[in-house]
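A quick write-up on the structure given underneath.
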Amino acid sequence: MEAAEAKLQKVLEGSKQFQVPHYQRPYSWDSPQWQTLWRDVLELVDDPEAKPHFLGSIVTSPARSVPEGVEKRLVIDGQQRLTTLLVLLTVIRDRARAGNASKLADRVEDVITNRHEESLEFFKLLPTQAEDPLDSDREAFTRVVSSQAAATSRSGIAAAYEWFSKKLRRADAPDLHALHGVVTSKLTLVSIILDEKDNPHRIFESLNGKGRPLSQADLIRNFFFMRLPQSEHDAVYRDLWRPMQRRLGEDTLTDFVRHYLARFVGVTREDDVYATLKARVDGNAGKSPVEHLRELTQYSEYYDVLLHPEKAPSQALRDRLARINRLEVTVAYPFLLPVYAEFAVGSIDEMALRGALDLLENFVVRRFVCGVPTHGLNKIFAPLYEQAKKDGEFIAETKRLLSASPRAYPRDVDFRSSLSAARLYGAGERREKTKFFLERLEAAGGHKEAVIADTLTSEHVMPQTLTDVWKEELGPDWEEDHQQLLHTLGNLTLTSYNSELGNASYADKRTRYATSHIELNRHFAAVNRWNAESMERRAQVLGDVALAMWPFFGASTDADVHPSADLDDFSVAGTIPTAVRLRGVEHSVQSWVDVAVATIEAIVAMGDDELARIIEELPKFVNFDATAFRRSSRLRKLSNGVYVETNLSATTIYRLCKQAAGLAGLVADDWSVSYGGALDPDDEEEERASGNALGELRKEFWTEVRAALESTGAFPSLRPPPPRHWFVIALGRHGCNMSLNINTQKPRLAVKVVFRSEQATRVYEAIANHRAAIEAEVGAAFQWLPHPEKRWKTVMLTRPFDLHDRAAWASGLSWLAEYAVKVHRAFASRLATLPPDVFSVPDNSVLSTAGSLGTSNS
-7 MEAAEAKLQK
3 VLEGSKQFQV
13 PHYQRPYSWD
23 SPQWQTLWRD
33 VLELVDDPEA
43 KPHFLGSIVT
53 SPARSVPEGV
63 EKRLVIDGQQ
73 RLTTLLVLLT
83 VIRDRARAGN
93 ASKLADRVED
103 VITNRHEESL
113 EFFKLLPTQA
123 EDPLDSDREA
133 FTRVVSSQAA
143 ATSRSGIAAA
153 YEWFSKKLRR
163 ADAPDLHALH
173 GVVTSKLTLV
183 SIILDEKDNP
193 HRIFESLNGK
203 GRPLSQADLI
213 RNFFFMRLPQ
223 SEHDAVYRDL
233 WRPMQRRLGE
243 DTLTDFVRHY
253 LARFVGVTRE
263 DDVYATLKAR
273 VDGNAGKSPV
283 EHLRELTQYS
293 EYYDVLLHPE
303 KAPSQALRDR
313 LARINRLEVT
323 VAYPFLLPVY
333 AEFAVGSIDE
343 MALRGALDLL
353 ENFVVRRFVC
363 GVPTHGLNKI
373 FAPLYEQAKK
383 DGEFIAETKR
393 LLSASPRAYP
403 RDVDFRSSLS
413 AARLYGAGER
423 REKTKFFLER
433 LEAAGGHKEA
443 VIADTLTSEH
453 VMPQTLTDVW
463 KEELGPDWEE
473 DHQQLLHTLG
483 NLTLTSYNSE
493 LGNASYADKR
503 TRYATSHIEL
513 NRHFAAVNRW
523 NAESMERRAQ
533 VLGDVALAMW
543 PFFGASTDAD
553 VHPSADLDDF
563 SVAGTIPTAV
573 RLRGVEHSVQ
583 SWVDVAVATI
593 EAIVAMGDDE
603 LARIIEELPK
613 FVNFDATAFR
623 RSSRLRKLSN
633 GVYVETNLSA
643 TTIYRLCKQA
653 AGLAGLVADD
663 WSVSYGGALD
673 PDDEEEERAS
683 GNALGELRKE
693 FWTEVRAALE
703 STGAFPSLRP
713 PPPRHWFVIA
723 LGRHGCNMSL
733 NINTQKPRLA
743 VKVVFRSEQA
753 TRVYEAIANH
763 RAAIEAEVGA
773 AFQWLPHPEK
783 RWKTVMLTRP
793 FDLHDRAAWA
803 SGLSWLAEYA
813 VKVHRAFASR
823 LATLPPDVFS
833 VPDNSVLSTA
843 GSLGTSNS
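Residues in the sequence shown are numbered consecutively from -7, following my numbering.
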């Protein structure tokens, strides 16, 4: 970089041309700036002994790669003052000619023009050229210098010429010779000439903080034009650069070039786009700069279609591209751009392009539902196109690459589980993505009457603010259910009258849904009550639709199913967790309380930000404030002082832990639960109340129970004794078990038969028909508990028992062994004789996912 103080005469003398790059803003000085300059000039005219006045700097960069004609310099900074001074000198020249001062006029002409050059090289300054001549600084400047009228121009240059002309037409106007001497010899500039290795962006920033910073797109434009002969500038600007810039806009241009480059060089930081493109062009001797620019311009047309799907050639492509835009996956453009280019030139057909777009939607939707963080996606998509093109069929290879990691692409088991438990609805982009998700499920209905999605909003069936009617509708666990299920899939639908429904009761909403054209809302016709069970059931129904719409496209899922593969919100209640896997480390657990503690402790270890998200979203599950909980009698205080609510059911703990893991950014491989036998539902209070203190005592007791049961010969293949307060034995039918229980809260032993399944009511009623015969065979009267509000039914025998009284163990063991054999034989034999339709799924409990979404099979 060369920097020197110089008078204007020195800066302008000789055959040279200052070119204002196309990236510079138009001439923008107005009367305030002109008045300041004029005042300074008049002071120097009035005081010939005054020191030269410093105007500022002019930063130029020589176009050394194009040595033809006059010396050319690009004006990086200072174009406003340089243009104004040349306009002022032009006015002086014209006034000198009008006053017959031809020698002065010729001296000025030598300064403001390259008098002996032709065409555009005649002009000492060449401003930018706009599409409309009336807006063009170049048009206005060249007309002024050529002594042609420019009064009709909208450029500020014409206005500047007229402003200074008026000053020199006044009676008190300064002497032209003195004025010329001051402008050329008394105004001082710092002329800075950059080397090609200098960074014009940084220099511009340091010299002129008030100017418009050069963007990466500005530098790219500068770079291309510096490498082109002057004679080609206008044509290249008109045919290549200007159409690209007008097509994408200044703000989008840099993003486009960055996404274009990703195919060749991988992920590029926004600040490095110019340097990366420059290195690519300079390093490719086989292709000229204009050929690179021509390719860039062509790709900008493809990029424009990605941004504006309505420009795609078919409705199928327009729909798919619009969905991609709604999902806001611009990070995938480095992959989509070359794929669309292949389609545009006929290298792949439309079906292949549709397939690529469907894969992308599938990939993004599954990650969104499963809460997979978006960071790192640029590293996946930047090289994806080139990787997929190397080997095999393009779409098949793309599938393989995207599905290679279970962490990056969720498997079916994780997708279904998240569909039930994940908090889909939220602020910002989550709200729009949730609406998109629901609209796609709605489209699966295949209804003939199209619904205008723009008129629809996401609707919470169970409202965000509960009334007393809703609390009664939900039941005794209304607070937990509301907190956990409000934003989940099962409670969300679409409606065009969200504000009208508001907090209306379910009965009122159901009536309104019945008249809706939305297929999603037909589900509610068969649902009489809206509670946790109803929401979970609907989540399963919609989950089936989602799995069909966005099917897993990996090679195989068999080897990737993690230990919690069978765990969902219907089966978790009654399970015995044995281990929770957290970020590659497996922790042994004995209860769902242990699962909660281990999960939140792992999140605590991750950092304050992750824990803060959990507290913000789930404040009644995890909180530093013990008074924030509805019940504080069984809080667990963790290592950092945060409290965890444990007085919750197994289903609630599982659901909350899964939500907490997702909020903390833990994916499926980071958090999973292994489990064993079944917990009797009526004794879940015992599960919540018990800590680890009784573990060894219970384990010892159950070891003896197992020995007593094996001695009967009726149970040849019992599992190892659990360190718990129950023992579960199957009765030969799905969902039907016999459990042996200890309850230390209500000191007793129990032999129970539990029916837990979709058809539990019908099985229970069928068995109840044999009540007299069963009680006669067993020799005891049972408690028959239909639990109309629950998903299970129980038949139970009990006797008092205190686990801490070892003297009572012998009689307790004898009682359990005797009645276990009798109860198992009595119930198993009768269950075996029940007709198959008793165990079939009720017609109105599962809705069809084929054809019309949400309609009953009946």
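Yeah, the Cβ is synthetic: ideal placement off N, Cα and C, and Gly gets one too.
Computed from a predicted model, the values in this text were never measured in an experiment.
Start-to-end residues for the alpha helix (DSSP H) that takes in residue i
i    : result
P54  : Element bounds for P54: not the alpha helix (DSSP H) but the beta strand (DSSP E), H45 to P54.
T28  : S23 to D38
T643 : A642 to L655
L349 : E342 to V361
F373 : L369 to F373
Q476 : W470 to L477
K158 : G148 to R161
Contact set for residue i: own chain, Cβ-Cβ below 7 Å, skip 5 residues either direction
i     : result
S177  : K(-1) and Q1
R530  : G482 and H515
D558  : Note that D558 scores 36 on pLDDT, short of 50, meaning its location in the model is unreliable; the coordinates nonetheless yield the value given after this. Taken in chain order, the list of residues that qualify is empty.
A(-4) : S183
F719  : W694, V697, S731 and L732
L805  : E696, V697 and A700
R130  : L118, P119, T120 and Q121
Span of the beta strand (DSSP E), counted from its first residue to its last, around residue i
i     : result
A765  : Where A765 is concerned, there is no enclosing beta strand (DSSP E), although the alpha helix (DSSP H) it sits in stretches over R763 to V770.
P780  : That residue, P780, is in no beta strand (DSSP E); it is neither H nor E in DSSP.
A(-5) : E(-6) to K(-1)
Q237  : First-last for Q237: R234 to L240, but that is the alpha helix (DSSP H), not the beta strand (DSSP E).
S450  : T449 to H452
V743  : R740 to R748
E637  : Y635 to E637
H579  : V577 to S580
Q532  : Per DSSP, Q532 belongs to no beta strand (DSSP E); it is in the alpha helix (DSSP H), A524 to M541.
L627  : L627 to K629
Short CB-CB distance (under 8 Å) between residue i and chain B
i    : result
A380 : The structure shown has no chain B; it contains just one protein chain.
Contact check, residue i vs residue j, beta carbons under 8 Å
i    : j    : result
Y756 : L789 : no
L351 : E431 : no
V587 : F613 : no
Y19  : S147 : yes
A348 : T390 : yes
L329 : Y294 : yes
F256 : F327 : no
R250 : V265 : yes
R315 : E353 : yes
L493 : R504 : yes
D296 : R239 : yes
R85  : E110 : no
Rounded distance between the beta-carbons of residue j and residue i, thought under 8 Å
i    : j    : result
S49  : D69  : 7 Å
L29  : T76  : 6 Å
A653 : T591 : 6 Å
I104 : V137 : 6 Å
A388 : M541 : Rounded, the Cβ-Cβ distance is 21 Å, inconsistent with contact.
W776 : V746 : Wrong, their Cβ atoms sit about 12 Å apart, outside the cutoff.
A152 : W21  : 7 Å
Y401 : R358 : 7 Å
R415 : Q651 : 6 Å
V795 : T736 : Position check: residue 795 holds Leu in this sequence, whereas Val was assumed. Right, their Cβ atoms sit about 6 Å apart.
Cut-off 6 Å between Cβ atoms - residues of its own chain near residue i, not counting five sequence neighbours on either side
i     : result
G657  : P365
V12   : V67, Q71, P119 and T120
R864  : Not covered by the structure: residue 864. The range shown for the chain is -7 to 850.
L74   : I50
R408  : G535
E(-6) : I185
8 Å Cβ shell around residue i - same chain, five flanking residues per side excluded
i    : result
F156 : W26, W30, V79, L80 and V83
D561 : Bear in mind that the predicted position of D561 carries a pLDDT of just 43, short of 50, making it unreliable; the figure below should be weighed with that in mind. Excluding sequence neighbours, D561 sits near S412, A413, E528, A531, T643, Y646 and R647.
V634 : I592, V596, L603, I607, V614, N615 and F616
R65  : K8, Q9, F10, Q11, T52, S53, P54, A55 and I185
- Which runs of the beta strand (DSSP E) fall wholly inside the region 61 to 128 and span at least 3 residues, in chain order? Runs found: 63 to 69.
- Where are the beta strand (DSSP E) runs, 3 residues long or more, that stay fully inside the region 264 to 296, in chain order? Runs of the beta strand (DSSP E) inside the region 264 to 296: none found.
- Item | Segments assigned beta strand (DSSP E), at least 3 residues, entirely inside the region 772 to 826 | Entirely contained in the region 772 to 826, the beta strand (DSSP E) runs reaching 3 residues are, in chain order, 775 to 777 and 784 to 792.
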